[in-house]
Amino acid sequence: YLLAGRGVYLITRFIYVVILATVLGPEVYGIINYGIAWYLLFFPLTSMGMAVVLSRDVGKNRPEGSRTAALTLTIRILLIVLVTSVYLILSFFMEDDPSSRLLLFAFAFALIGRSISAWTEGVYTAHEINQYSFRQQSIFRTMEVLLGISVLYIWKNPLPVVFIHGIVWCLEAVYGLSVVHRRVSPLRIIMNYKELQRKFLQGVSLGTA
């Protein structure tokens, strides 16, 4: 399932890239790539090794793994708020061109949605139910391509394409959270500082590396 999901991602991405580059041209397509590369620099900072901690705890003890899922979700949300704030501030001060700055701001939706989606996929992997991961990739990568191509041919402007990219990742995050809530364990937020600190420190060295 993981291999098939990765295959769906690569195939749809290849088709999408070819069409985007052809319609927008190298300069505009290069700006989109710049935005993607910029927000992906921040993406790993929203995880910090929590997926590995989750897989370890679920493998050792399912009930403990359920609590770890709640703790790692809480940590992920706190990190998303912090990292996205830093991303927006740096984007504002480092990018002088107003249109490029607007694109970078739009990519913040993708940073948020993709980070939460990564948590849901970590839950699937920890519980060995990666058929849901394959399903998510199949639905939402196809959706992004179809919607992205539609707005591209209507407006021939990179901004709607970027918004579609971010919105689809956010929709995938909502879908993934609902699947985890229904199929794995109820979603919970645990604001216990000592527990959060302990779990964060268990994964932070791996996340930093």
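The sequence shown runs contiguously to residue 213 in our numbering.
C-beta: ideal position from N, C-alpha, C; glycine also.
For clarity, every value in this text was computed on a predicted model and none was experimentally measured.
Query	Result
C-beta atoms of A110 and L163 nearer than 8 Å	yes
Rounded separation between L200 and A112 - CA only	25 Å
Cβ neighbour criterion (16 or more within 10 Å) applied to H169	buried
Those runs of the beta strand (DSSP E) which lie wholly inside the segment 34-64 and span at least 3 residues	none
Through-space distance from I36 to D100, alpha-carbon basis	16 Å
First through last residue of the alpha helix (DSSP H) which encompasses M195	Here M195 belongs to no alpha helix (DSSP H), and DSSP marks it neither H nor E.
Beta-carbon gap between I84 and M54 smaller than 8 Å	no
Within 8 Å, strictly: CB atoms of S59 and G211	no
8 Å contact criterion, which L115 and F46 should meet: CB distance rounded	6 Å
Closest Cα partner of V188 within the set V127, F138, S137	V127
N- and C-terminal bounds of the alpha helix (DSSP H) containing V172	162-183
Rounded separation between L205 and E68 - CA only	17 Å
Beta-carbon contacts of V183 that lie in its chain and below 6 Å, excluding the five residues immediately before and after	Y136
Three-state class that DSSP yields for A213 in the structure shown	coil
Endpoints, the alpha helix (DSSP H) within which I133 is located	Element bounds for I133: n/a, residue is neither H nor E.
L150 versus I15: straight-line alpha-carbon distance, rounded	14 Å
Inter-residue spacing [alpha-carbon to alpha-carbon] between W159 and V90	31 Å
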